[in-house]
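Below is one structure, written out as structure tokens; comments come after it.
Below, the structure written as structure tokens:
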């Protein structure tokens, strides 16, 4: 085998994740006007967005139908920014194969325009008109509409995912929940009062009956409020069962491959005298381990952890050294500051590989959700160095590490001695 030999196909080529048991509807966050129901439906059904908006605008002529349908779709779905999740299977397949005729895709990629605002205004006009059609019951219709808004606020708050963004705006979400509950209780109470006033039954003899009706409506209101919680728990249990089944299958495959392929690759690294062969075996072993034991973990520089894995792999393959990354915390999207920090850390890994004399480098990344900083450590146990004794014409440490970290508002510290070197990088966590 030589360096010009073609790279063998990876063992996971052609393997795809198991399909869900049933299609899942997602609301789109991008270019949404209210909650992303119309954009999500357009992508899910593969129809033009304007027809979905027109349908909901027309449905507002019957406020009970239009609002109830919209609120139900909000309660039974989650939001996403991933277009592949929102598209139906047919549209997704056509996009993968670059086939024409993918409809509904404009709901994600097209920004909001005047036509969208026109449909929203039309829906508002139809809603008011539909309420006024109920002769003598316009106030009651408005109260029922307010109750629907209250249900929407409660369901939307309960349906929010537990992410850093939602935790950061916890007070706003709590206020939304309180407003929704107040609207729901106040609207139902007002509707009961109007019904009693219209029927002339607001007298002491009817107190027991109205109290029973109010209690019944209160119980129904609690059930309505708890529906999204039940749906969320059911969805979580279903997703957990699917993940467990997939994990069990993956564990069986991992055991068989570990007992054969991985051990063979390890023996090749230990016994081969050709650097190109050792480098290829190490690269294949790393990729195989990532596929087997680190499923759904990023290995592209679009995220913090993915960028660190890519940098470690590049240095490992180039300098015939073992890089051991340990990544702790929450993976986040890459920013300019994160990329510069990873590049500076990569330069530190290169220095360790070239000058420390050791054959192993440890990399540790800490990105705790509660922390306001991201810390990255590069450590070796080889020969240390004197930072002040570096010649002026050697710009690797000064420019590629120190100056780069200063430009992004970060810090870098060197702890070096005869027992090894540790370089500590730190930047503020991006908002």
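In the UniProt record's numbering, the protein residues as written are 1 to 431.
Every residue, glycine too, gets a C-beta built ideally from N, C-alpha and C.
#1: Got a sec? Which residues, its chain only, sit under 8 Å from residue 373 by beta carbon, not counting five neighbours each side?
#2: I want to know whether the stretch 353-371 touches the stretch 313-322 - three or more CB-CB distances under 8 Å.
#3: If contact is defined by three or more beta carbon pairs under 8 Å, each pair taking one atom from either stretch, is the stretch 269-278 in contact with the stretch 241-258?
#4: My understanding is that residue 307 touches residue 339, with C-beta atoms under 8 Å, so please give their C-beta distance in whole angstroms.
#5: State the Cα-Cα distance for the pair residue 58 and residue 237, rounded to the nearest angstrom.
#6: Look at the Cβ atom of residue 336, then the Cβ atom of residue 412, and state whether they are nearer than 8 Å.
#7: Which of helix, strand or coil does DSSP assign to residue 256?
#8: From the DSSP output, in three-state form, read off residue 340 for me.
#9: May I have the straight-line CA-CA distance separating residue 296 from residue 247, to the nearest angstrom?
#10: What is the DSSP secondary structure of residue 367, reduced to helix, strand or coil?
#11: Using alpha carbons as the reference points, say which of 399, 41, 415 lies closest to residue 344.
#12: Taking residue 365 as the reference, give the member of 381, 383, 331, 353 with the closest Cα.
#13: In chain order, what residues of the same chain lie with their CB nearer than 6 Å to the CB of residue 405, ignoring the 5 residues before and after it?
#14: Just checking my contact of residue 351 with residue 424 at CB under 8 Å: how many whole Å lie between their CB atoms?
#15: When DSSP labels each residue in this structure, what does residue 416 get in the three-state scheme?
#16: Helix, strand or coil for residue 406 per DSSP?
#17: Between the alpha carbons of residue 317 and residue 87, how many angstroms are there, rounded?
#18: In this structure, how does DSSP classify residue 277 when only helix, strand and coil are distinguished?
#19: Using the C-alpha atoms, what's the distance from residue 346 back to residue 401?
#20: Can you give the Cα-Cα distance for residue 268 and residue 50, rounded to whole angstroms?
#21: Here's the rule: buried if 16 or more other CB atoms are within 10 angstroms of the residue's CB, otherwise exposed. What is residue 116?
#22: CB-CB under 8 Å to residue 303, same chain, minus the five flanking residues each way: which ones, in chain order?
#23: What residue range does the alpha helix (DSSP H) around residue 317 cover?
#24: Go through its chain and collect everything with a Cβ distance to residue 357's Cβ below 6 Å, but skip five positions before and after it.
#25: State buried or exposed for residue 165, treating a residue as buried only when at least 16 other CB atoms are found within 10 Å of its CB.
#26: By the three-class DSSP mapping on this structure, what secondary structure does residue 380 have?
#27: With the cut-off set at 8 Å, would you say residue 123 and residue 28 are in Cβ contact?
#28: When you compare only the Cα positions, how much space is there between residue 377 and residue 422?
#29: Could you give the DSSP three-state label for residue 425: helix, strand or coil?
#30: Let me check one thing: in DSSP terms, what residues is residue 78 bridge-paired to?
#31: Suppose contacts are defined by Cβ-Cβ distances below 8 Å. Is residue 179 in contact with residue 143 by that definition?
#32: Let me make sure I understand the geometry here. Which of 38, 329, 315 has the alpha-carbon closest to that of residue 353?
#33: Would you identify the three-state DSSP class for residue 182, choosing helix, strand or coil?
#34: Since I believe residue 184 is in contact with residue 227 (beta carbons under 8 Å), could you give me their beta-carbon distance rounded to a whole number of angstroms?
#35: Return helix, strand or coil for residue 431, following the three-state DSSP convention.
#36: Which value, in whole angstroms, describes the spacing of the CA atoms of residue 25 and residue 40?
According to the data block:
#1: To locate residue 373, count along the chain shown from 1; it is residue 373. Cβ within range, chain order: 426, 427, 428, 429.
#2: yes
#3: With a cut-off of 8 Å, the stretch 269-278 and the stretch 241-258 do not count as touching, because too few Cβ pairs lie within range.
#4: Within the chain shown, residue 307 is the residue found at index 307, counting from 1. Within the chain shown, residue 339 is the residue found at index 339, counting from 1. Yes, residue 307 and residue 339 are in contact; Cβ-Cβ is about 6 Å, under 8 Å.
#5: Here residue 58 corresponds to residue number 58 of the chain shown, with the count starting at 1. Here residue 237 corresponds to residue number 237 of the chain shown, with the count starting at 1. One C-alpha to the other measures close to 37 Å.
#6: Here the question's residue 336 lines up with position 336 in the chain shown. Here the question's residue 412 lines up with position 412 in the chain shown. At the C-beta level, residue 336 and residue 412 stay beyond 8 Å of one another.
#7: Within the chain shown, numbered from 1, the residue matching residue 256 stands at position 256. Helix at residue 256.
#8: Looking up residue 340 in the chain shown gives position 340. Helix.
#9: Taking the chain shown and counting its residues from 1, one reaches residue 296 at position 296. Taking the chain shown and counting its residues from 1, one reaches residue 247 at position 247. Caution applies to residue 296, whose pLDDT of 49 falls short of 50 and renders its modelled position unreliable; the model cannot decide the point.
#10: As a working mapping, residue 367 is identified with position 367 in the chain shown. Correct three-state label for residue 367: strand.
#11: Sequence index remark: in the chain shown, residue 344 carries index 344 (1-based). Ranking 399, 41, 415 by Cα distance to residue 344 puts 399 first.
#12: Position 365 of the chain shown, counted from the first residue, corresponds to residue 365. Minimum Cα distance to residue 365 is reached at 331.
#13: If you number the chain shown from 1, residue 405 lands on position 405. Around residue 405: 344, 412.
#14: As a position in the chain shown, residue 351 is number 351, starting the count at 1. As a position in the chain shown, residue 424 is number 424, starting the count at 1. With a beta-carbon spacing of about 14 Å, residue 351 and residue 424 fall beyond the 8 Å limit used to define contacts.
#15: Position 416 of the chain shown, counting from 1, holds the residue named residue 416. Correct three-state label for residue 416: strand.
#16: Against the chain shown, residue 406 aligns to sequence position 406. If DSSP states are grouped into helix, strand and coil, residue 406 belongs with the helices.
#17: Within the chain shown, residue 317 is the residue found at index 317, counting from 1. Within the chain shown, residue 87 is the residue found at index 87, counting from 1. Distance between the alpha carbons of residue 317 and residue 87: 38 Å.
#18: Numbered from its first residue, the chain shown carries residue 277 at position 277. Looking at residue 277 - three-state DSSP - the assignment turns out to be helix.
#19: Here residue 401 refers to the residue found at position 401 when the chain shown is read from its first residue. Here residue 346 refers to the residue found at position 346 when the chain shown is read from its first residue. Looking at the two C-alpha atoms, the distance is approximately 9 Å.
#20: Position 268 of the chain shown holds residue 268. Position 50 of the chain shown holds residue 50. Distance between residue 268 and residue 50, taken at the CA atoms: about 60 Å.
#21: Your numbering for residue 116 matches position 116 in the chain shown. Flag for residue 116 reads buried.
#22: By 1-based counting over the chain shown, the position of residue 303 is 303. Hits under 8 Å: 331, 332, 333, 334.
#23: On the chain shown, residue 317 is found 317 positions in, with the first residue counted as 1. That run of the alpha helix (DSSP H) goes 304-319.
#24: Taking the chain shown and counting its residues from 1, one reaches residue 357 at position 357. Cβ within range, chain order: 382, 383.
#25: Taking the first residue of the chain shown as 1, we reach residue 165 at position 165. Confidence at residue 165 is low in this model, with a pLDDT of 47, below 50, so its placement is unreliable and the value that follows should be read with caution. So residue 165 counts as exposed.
#26: Against the chain shown, residue 380 aligns to sequence position 380. In the structure shown, residue 380 sits in a strand (DSSP, three-state: E or B).
#27: Counting from one through the chain shown, the residue named residue 123 turns up at place 123. Counting from one through the chain shown, the residue named residue 28 turns up at place 28. No.
#28: To locate residue 377, count along the chain shown from 1; it is residue 377. To locate residue 422, count along the chain shown from 1; it is residue 422. Those two C-alpha atoms are separated by around 7 Å.
#29: For the purposes of this step, residue 425 is identified with residue 425 of the chain shown, where counting begins at 1. Three-state DSSP puts residue 425 in a strand.
#30: Against the chain shown, residue 78 aligns to sequence position 78. Residue 78 is bridged by DSSP to 26.
#31: Numbered from 1 along the chain shown, position 179 holds the residue referred to as residue 179. Numbered from 1 along the chain shown, position 143 holds the residue referred to as residue 143. Not in contact: residue 179 and residue 143 (Cβ atoms no closer than 8 Å).
#32: As a position in the chain shown, residue 353 is number 353, starting the count at 1. When only C-alpha atoms are compared, the closest one is 315.
#33: Here residue 182 is taken as the residue at index 182 of the chain shown, counted from 1. In the structure shown, residue 182 sits in a helix (DSSP, three-state: H, G or I).
#34: For the purposes of this step, residue 227 is taken as residue 227 along the chain shown, with counting starting at 1. For the purposes of this step, residue 184 is taken as residue 184 along the chain shown, with counting starting at 1. Contact doesn't hold; Cβ gap of about 13 Å is too wide.
#35: Within the chain shown, the letter at position 431 stands for residue 431. Three-state DSSP puts residue 431 in coil, outside helix and strand.
#36: On the chain shown, residue 25 is found 25 positions in, with the first residue counted as 1. On the chain shown, residue 40 is found 40 positions in, with the first residue counted as 1. Cα to Cα, residue 25 sits roughly 7 Å from residue 40.
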